[in-house]
Structure formats: C-alpha cells, structure tokens
Amino acid sequence: MARSGTGCWAARSSGGLTEALGAREVVHRGRNRARFRSHRRRGDARAPAPVHDCRRERSRRLDVSTSSSSSPAPSSAGAHKFDGISKILNQVVTATSIPYVTYVPEPATVLHRLDARLKQVLAVGCLVVAARGTIETRLALCLGIGAASVAFLPKTYSVKQLLGVLKLCLVVGFFTLLAADAVTVPLQQRLPSDPALLGLAAFEDATSYKYTFVNFGLIKITRRSVNLAAAACALQFATIQSTVMCLTTTSPEELTKAYTQFFLLPLKWLRVANVNELSLSVLLSFRFLGLIFEELQNVAKGMLARNINWRDLKLVARIDIGTTLITKAVNNLLSISNQIARSMMVRGYNSKSFSHPHLVDVKEDGGNG
Amino acid sequence: MMEALSARGLWVSRGGNGGAASKAVLKNVNLSVRRGHLHMLLGRNGSGKSTFMETVAGLLPYQNGELEIEVSPTRMVSQNPDHSIILPTVGAEVAFGLWDQALDPDDVRERVRRALSQVNLGGLSEKAIGTLSGGQKQRLALAGALVESPKLLLLDEITSFLDAENQFGVLRTVKALIDGDPTGDLSALWVTHRSEELQYASSASLMENGEIVGVAQSQAEMDSLVRQFEEICEGQRRLMTP
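If you're matching them up, the sequences are chains A and B in order.
Just so you know, we're using UniProt numbering here: the first sequence kicks off at 1 and counts up by one.
Just so you know, we're using UniProt numbering here: the second sequence kicks off at 1 and counts up by one.
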C-alpha cells in the first residue's frame, strides 16, 4: 500500500474490503495519471525519459491483471465516480443493522420505558403533521424528531444514522425543488371575447409577493415547488426517523402486542381476522427485516469480492451485474423463507389451529442481558 | 424397548417425481439409536446423511423399509441456524414451539428461561437475533428445540458454520444435556462430517453412498470407524486427482 499522496487517503478512508481488494489499483493509477499530466502541461517534447520506477511497474502489472481492455486512463472525475460505487458498497458491508432495523435494549432510555401503543400513536401523529402541516410546522416537527433522536438514543449510532437520513432527505428535497415546476403545463390562451377589453395597460403589482423565485428556463423554483420539496423532505424524514426510533427502542414483541392486541382488537371482536395469525405475521416480518439487511450486505460483499472494474464496463454490463446479484439476493431470501417454513413445520406449526397467546409476552424475569 | 429410533432396510429416492428417473439416495439403511445415547452419523458430503435426517424428521417420505421412533417429541435443528430461527428476538424464538401447549404465561417464561440457561444463553431473552454470533444462534436453535422437552434431538451438522471453540462448546452442551437428563431418555442423532467430534459420541455409524458401511457401539470401536472414514476420503481424493 502506498504511504503518501491523495490516493493513499482515498484507500484509507474507504477502508475494509475495498482497501484489500480494489483500492490499491486506484491508488497507483492515480499517481501515474498525475505524472503524465505534468509532462503534458509543460508541452514538453524534451520531457525526461521515464525513469524506471518499480512502483509504476507494479501498477502496470496490476492494471493488466484487473483490466480486460487496454482502454486509456480515464479522467479523474470518472475515476472518482467509480470509487464512489465501491465506497457505497463498502459502507453497506461495514454497516451494522443496529440503527435501522434492530431493537437495542441497552442502554435503556426514556423512550424504552414509554408504552409501545403511545409510541405508535406518536409515530402516526408525526406522519399526519408532516403530510398536512405548513412549512413552519414541518420544520418544527423535523427539528423536534431530530432533537429527540439525539437526546434519547445512544450517540454511538444515533448521530451517524440521523446524518444519513438527513442527507437522503436533502437529496430528495433538492430534486423535488428542481423538478416540481420544471415542466410547464401547456395551457390554452384565453383572451376576452370583447375586443374593447384587449390592450389594457399591464397590471402592476405593488406588493413584494412573488410566485416564481428563480426562473432559468428548465430550472424554475416556485412557491409550489418549495412547498412540495418541504413536504417531501418532512414526510420522508418523519417516516424514517419516527420508525427508527420506534424500532430501536421497542422490542418486536411489544410492537406486535400493541398492534395486534390493541389497535386490531376490533377485528378480533368482529371476527374479521385471526389476530393470532396476524401477530405471527408481524413477528415474521420483523425477522425478515434483519434477513433482508444481511442479504443486501451479501450482495455488496459479492460485488466487492469480484473486484469489478467499473470503468471498463458499459452501462448495460453494469446494470447486468447489478440485476444478477440482486436476483441472487432475492433467490436467497426465498430459499431462506422456504427453510424457515420447513423449520416451522418441524416445530409442529399448523396454520389451521395456530394460537399463541404468550408469544409476544416472553421476557425473562431479572434478565441482565 | 431401549431404542429411541430404529431404521431397518430404509430406502429413499429423490427427484423424478418418484418415477423411474428418481435416484435412490438411501439404500437399505439400518441404524438404531439407543435411549440416552449421543449417536453420531459420520459421512462425507453428499453421502445421504441429511436425507436420512429429513426422513426421520418426517420431511421426506421413504419408499421401503421400516422407521420406528419410540420416543416423543422429536425435534430437529438444521445446519444453518438462520434457517432454523423463526422469530426476531431470543425469547419469542424459544417460546415459539410451545404454541400448541396450554400453558400459563408464567410457565412459558419459566420454560424459556430454563431452555436458555441449558445452552448458556441465560439473560439474553430480549436480544435481537441479528446481534447474536454464529455460535449463539446455533445454541438458540438448540434452546428452541429443548424448550419442548424433546426425547430425541435430530442435529444436522449443527457445527458446520462454527469455529473450533464454538464447535466443541455446542458439542459439550449437547453431551451434558444428554448425560444430565434425569429420566435418561433424552437421545440425540448427530450428523457430522468431522471425525474429531466422535470423541463425544456414545455410538456412531458411518454412511457412504446412502448406505451404512460401519458401526461403532462404544468409544473403544471409534478409532477403527474413523480409520475407515479416512480410507474412504483418501480413496475419493485419489479418484479426483488426475
């Protein structure tokens, strides 16, 4: 591994599998490109003959071994773009499921002690406010949820997770802002039928009110697009963050119990649905949240382990690799579902008579784990 | 009757919808597991061990022969713990098997606590499955079987995904459970391809190409069974080497 230069920083910062598998090539290519560029800039026909550099030799060998074509060195921006793919995959591989889908019993916070039903009501309330509120209310809601996350959840995972959600919401908000009014709807011009009314002096607005804030042709930001972007951001933030807060501070059993033994109780009274079956379905879906996360990690590992040279691939090939691995992940999930179904059968499960009143109520007394 | 399980002349075919194209995977298998024994079924990959296990568990039908399971209930734990674990947290997972028993909530909690402490997972009932290590998951799968107080455990290569420490940890746990069973009725059929695990077995059988080719009734006979297994592996290696 190189010990100096920007490439080294890139490799170190990406860490993990990329460092072991792919980043080394990127580092060497980066250094060679810099050298060629410096000669070209000088416009130097007398540029010194290349000095024998064992590091460069090694980098060439690496290039040959990993690249199937003799394509010219890509631009720096292109290289960074494909570094980004590896970086994202690396982040998926090294992420833990804790901030997203896993219940974290310790350290117990105020939110852990709150009734699961109340938490579910609060989460739904957040969604309603985010969907129906004004911009100010939405902003206050998001700030409130963010502050509650930082205050009540352990900092070890809450801050990083919160920043991730924030970034995602800002990206969605930004594109909504640009796209909401980008395409103007063609309207038929409607002029007054009375010719006397034509040719009136243009109405001059003396107020500071503006419907359109920015208008650069395709890029048009209006009051409507700002409102829409704020709604999209707030709704997304409230949905993800309130769900994360519920999931990390409430055990799946408590959530299921609140859901099926309180909110769905009318269904039981009316004998519309088998609430016991529903509680099992909800618990199974919680189990699958973790499995899906693990399978996504497996896909990312598969991509990194193959050390794919993204630069040499055409878009179709990239999509092909992606779909192949995602298909594999879905097949694996179906296979695991099949195995779990077999396991349920082995443990005597019979859907016709399933009833497990205590399934959502199992806690060891005095457990210290 | 001293036997927990006995199979005589068992034939099982797979594929081809049971027609002429189906292939016999188990051929005339004779095997018995005595009560209170940890019986190990040793064999190479693809020798038919797991098929035998699935047949005993009732997941596969057999075409010929006799299969008698004298004890009840029987519970199976499969190779990959992720495939055995059904629910998202430790406590609910262990309690799942009790669904068809009319028990008080206190009884359920007590049985879950006991099963978890039997496999050294006491105090972890609230833990999410995703936060457990491979060894802990395999112990949990075992606790899920134990909570139903089974009399015969079917353990299908449950140490395959474990490192040496966890492998022998799980093995010692099972051995201790069988030896410590007050009724002396708890038995286990342990499928493995690792001959070093036989040091914990009460008795063992060697399977090759769907047939039982060797039996050891006590520890004294294990060495010859292991040698026989190594010879089979060596012969296979020679066949594979160009």
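The beta carbon of each residue, even a glycine, is placed where N, CA and C say it ideally should be.
- In summary, Asn90 (chain A) is buried, with 16 or more beta-carbon neighbours lying within 10 Å of its beta-carbon over all protein chains present.
- By DSSP's assignment, Asp163 (chain B) forms no beta bridge with any residue.
- Rounded to the nearest whole angstrom, the C-alpha separation of Ala7 (chain B) and Thr102 (chain A) is 44 Å.
- Between Ile178 (chain B) and the set B:Arg194, B:Leu154 and B:Thr159, the nearest pair of CA atoms involves B:Leu154.
- Per DSSP, the beta-bridge partners of Ala216 (chain B) are B:Ala204.
- Within the same chain, Ala128 come within 6 Å of Thr89 (chain B) by CB-CB distance, once the 5 residues on both sides are set aside.
- Among the CB atoms of chain B, none fall inside 7 Å of the CB of Tyr259 (chain A).
- Annotation: Cβ neighbours of Phe286 (chain A) in chain B (cutoff 7 Å, chain order): Pro88.
- Per DSSP, Met53 (chain B) is not a residue of any beta strand (DSSP E); the alpha helix (DSSP H) it occupies stretches across Lys49 to Val56.
- Taking a C-beta distance under 7 Å as the contact criterion, Gly173 (chain A) and Ala232 (chain A) qualify as a contact pair.
- Within chain A, no C-beta atom comes less than 8 Å from the C-beta of Asp156 (chain B); the nearest is roughly 11 Å away.
- Secondary structure note for Ala147 (chain A): its alpha helix (DSSP H) is the uninterrupted segment Ile135 to Phe152.
- Contact check between the segment 182-199 of chain B and the segment 156-173 of chain B: three or more CB pairs, one atom from each, fall below 8 Å, which counts as touching.
- Between Leu121 (chain B) and Arg139 (chain B), the gap from beta carbon to beta carbon is short of 7 Å.
- In the structure shown, Val214 (chain A) adopts extended strand secondary structure according to DSSP, grouped into three states.
- Excluding the 5 residues flanking it on each side, Thr222 (chain A) has same chain C-beta neighbours closer than 7 Å at Asp181, Tyr211, Thr212 and Phe213, in chain order.
- Using beta-carbon distances, Ala188 (chain B) does not count as an interface residue toward chain A, since no partner is under 7 Å.
- In the displayed model, Ser13 (chain B) falls within a strand according to three-state DSSP.
- Distance between Val29 (chain B) and Gly9 (chain B), taken at the CA atoms: about 5 Å.
- With 16 or more neighbouring CB atoms inside 10 Å of its own CB, Phe237 (chain A) falls in the buried class.
- Under the three-state reduction of DSSP, Lys27 (chain B) is assigned to strand.
- Residue-level contact check: Ser84 (chain B) touches chain A, since one or more beta carbons of chain A fall below 7 Å from its beta carbon.
- Under the Cβ distance rule, Thr102 (chain A) counts among the residues neighbouring chain B, one pair being separated by less than 7 Å.
- Within the same chain, Cβ atoms closer than 6 Å to the Cβ of Ile158 (chain B) are found at Val77 and Gln138, the five residues on either side in sequence being excluded.
- Collapsing the DSSP output to three states places Glu254 (chain A) in a helix.
- The C-alpha of Val104 (chain A) is placed about 10 Å away from the C-alpha of Pro154 (chain A).
- Residues of chain B whose Cβ lies closer than 7 Å to the Cβ of Arg342 (chain A) are, in chain order, Leu59.
- Nearest CB-CB separation between Met76 (chain B) and chain A: below the 7 Å threshold.
- Around the CB of Lys167 (chain A), fewer than 16 other CB atoms lie within 10 Å, so the residue is classed as exposed.
- By the Cβ criterion, the segment 230-241 of chain B is not in contact with the segment 61-81 of chain B, since fewer than three pairs of Cβ atoms, one from each stretch, lie closer than 8 Å.
- Here Asp156 (chain B) is bridged, per DSSP, to B:Val191.
- Around the C-beta of Met222 (chain B), 16 or more other C-beta atoms lie within 10 Å, and the residue is accordingly described as buried.
- Residue-level contact check: Glu126 (chain B) touches chain A, since one or more beta carbons of chain A fall below 7 Å from its beta carbon.
- Taking a contact as a CB-CB distance under 8 Å, the pair Trp11 (chain B) and Leu26 (chain B) counts as one, their CB atoms being some 6 Å apart.
- Put simply, of A:Thr248, A:Leu280 and A:Phe263 the residue whose alpha carbon is nearest the alpha carbon of Thr109 (chain A) is A:Thr248.
- Residues of the segment 281-315 of chain A whose Cβ lies closer than 8 Å to any Cβ of chain B, in chain order: Leu283, Leu284, Phe286, Arg287, Leu289, Gly290, Leu291, Phe293 and Glu294.
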